[in-house]
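Asker:
Numbering (UniProt numbering), first residue to last: 1 to 400.
#1: Starting from residue 46, follow its DSSP beta bridges and name the residues at the other end.
#2: Which first and last residues belong to the alpha helix (DSSP H) in which residue 404 is found?
#3: Distance, Cα to Cα, residue 349 vs residue 108?
#4: From which residue to which residue does the beta strand (DSSP E) around residue 86 run?
#5: Please report the straight-line C-alpha distance between residue 195 and residue 304, rounded to a whole angstrom.
#6: Kindly indicate the opening and closing residues of the beta strand (DSSP E) around residue 320.
#7: Take the Cβ of residue 221 as the centre, count every other Cβ of all protein chains shown within 10 Å, and call the residue buried at 16 or more, exposed below.
#8: Does the region 262 to 277 come within contact of the region 323 to 331, defined as at least 3 CB pairs closer than 8 angstroms?
#9: Measure from the alpha carbon of residue 252 to the alpha carbon of each residue in 95, 202, 209, 375, then state which is nearest.
#10: What's the gap between the Cα of residue 396 and the Cα of residue 49?
#11: Are the Cβ atoms of residue 255 and residue 187 separated by less than 8 angstroms?
#12: When you compare only the Cα positions, how much space is there between residue 276 and residue 323?
#13: Does the structure place the region 115 to 134 close enough to the region 163 to 171 that three or more beta carbon pairs sit under 8 angstroms?
#14: From what residue to what residue does the beta strand (DSSP E) around residue 298 run?
#15: Mind checking which residues open and close the beta strand (DSSP E) that includes residue 169?
#16: Compare the beta carbon distance of residue 139 and residue 117 with 8 angstroms and say whether it is the shorter of the two.
#17: Are residue 367 and residue 38 touching if we call contact CB-CB under 8 angstroms?
#18: When the Cα atoms are used, what is the spatial distance from residue 166 to residue 390?
#19: Would you mind working out which of 7, 96, 15 sits nearest residue 393, comparing C-alpha positions?
#20: By Cβ distance, which residues of its chain are closer than 7 angstroms to residue 83, with the 5 residues on each side in sequence left out?
#21: How many Å lie between residue 157 and residue 92 at the Cα?
#22: Within a Cβ cutoff of 7 angstroms, which residues of the same chain sit near residue 358, ignoring the five residues on either side of it in sequence?
#23: Which of the three DSSP states, helix, strand or coil, is assigned to residue 229?
#24: Among 203, 236, 365, whose alpha-carbon lies nearest the alpha-carbon of residue 219?
#25: Distance check for residue 78 and residue 64, CA to CA, integer angstroms please.
#26: DSSP has residue 56 in a bridge; who is on the other side?
#27: On the premise that residue 115 lies in contact with residue 280, defined as a C-beta separation below 8 angstroms, what is that separation, rounded to the nearest angstrom?
#28: Evaluate the contact criterion for the region 26 to 43 versus the region 52 to 66: three or more CB pairs, one atom per stretch, below 8 angstroms.
#29: What is the C-beta distance between residue 110 and residue 164, in whole angstroms, given that I count them as a contact (C-beta under 8 angstroms)?
#30: Which term fits residue 385, buried or exposed, when burial requires 16 or more other beta carbons within 10 angstroms of its beta carbon?
#31: Taking Cβ positions, are residue 310 and residue 343 nearer each other than 8 angstroms?
#32: Are residue 362 and residue 97 close, meaning C-beta to C-beta below 8 angstroms?
#33: What residue from 19, 201, 230 has the CA that sits closest to residue 258's CA?
#34: To which residues of the same chain is residue 225 closer than 8 angstroms at the C-beta, ignoring the five residues directly before and after it?
#35: Write down every uninterrupted run of the beta strand (DSSP E) in the region 328 to 397 whose length is 3 residues or greater and which is fully enclosed by it, in chain order.
#36: Taking its Cβ as the centre, do 16 or more other Cβ atoms sit within 10 Å of residue 174, making it buried, or is it exposed?
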């Protein structure tokens, strides 16, 4: 059975009733990430799509409050009409997950879905100011507000962001937005291997040019961006945004420095925007749903080392975002999670998340990076505090 409450009180009633009956609930927004995470054994489904609408939006304050089931497209349209945006570039998971439905603002924050600008502008959770949710006892909890401030005790705003529906049923979010840049341009350095690209991106990010995007597209994937319109060879791409005059000056400085590494060309306007949308949504790996796809976060200096080590033993395809610190990795065969995570640990740490895989692989492979004993114990205490009966998406995340 699926419950679609249209107000917060009804949502709280559903949860209280489920807790009293010991009924396990899987939480969903628009259903665009169904199949993500460890398999969940739930009895019923609770969806937020009935809780829809922008509650408050004051462009001058650059703050919006919206109900959790509000379509992301509705939020983005309202922001665009006022020349504003969500700085973290929320990812659309539908292409790589093979799902339909409509992404929701609450689901996006529950997944902490952040795109290419995340490594300079922060993640989705960093823009979240306040949240309302129903805990596992059916109580309505309000945390945070319309201004960013530090608090003592549990930071419920940050905890709920990225919790994947395991700690509470989000009903409303308040978040900070930013102006849309007036100009955007992308520099393309051609022909660099993974190691040289990592070096070039490190140099670029150390320059006072405020790059807002840094990605490397190896030859194996480069042709699947912009319908193959990028120059020949591998493509290392760097994005600049801001006022037109400022972008022009910074672009010249960056191009001059990057020419030391290889041939430099430029993309501007919609062509640049299209490229970064495709990077955000992992376009090369859309539709190949039978191939395991990993999202790996490591230090920017070690991403290419991880890929090089794995290529010696397995058939993989990969590209890099976040200056090399985010590696999207598609495997030709079943993943060996322990080996992948062992390499990550040897290179200084990080985490690997299995985004998609056939059901038989998902059943045998932990989707999330295993927690240390101390962190797992803390996670369990938080889970018991917010969801004492363990009814929210049981098993979806480690310890949840």
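Idealized CB from N, CA, C, for every residue including glycine.
Answerer: The answer reads as follows:
#1: 3, 27
#2: Here the chain covers residues 1 to 400 and nothing more, so residue 404 does not appear.
#3: 26 angstroms
#4: No beta strand (DSSP E) contains residue 86, which DSSP labels as neither H nor E.
#5: 6 angstroms
#6: 316 to 321
#7: buried
#8: no
#9: 209
#10: 21 angstroms
#11: yes
#12: 13 angstroms
#13: yes
#14: 293 to 298
#15: 169 to 176
#16: no
#17: yes
#18: 9 angstroms
#19: 15
#20: 179, 180
#21: 22 angstroms
#22: 290
#23: coil
#24: 236
#25: 10 angstroms
#26: 65
#27: 4 angstroms
#28: no
#29: 6 angstroms
#30: exposed
#31: yes
#32: no
#33: 201
#34: 217, 235, 275, 278, 279, 283, 284
#35: 350 to 356
#36: buried
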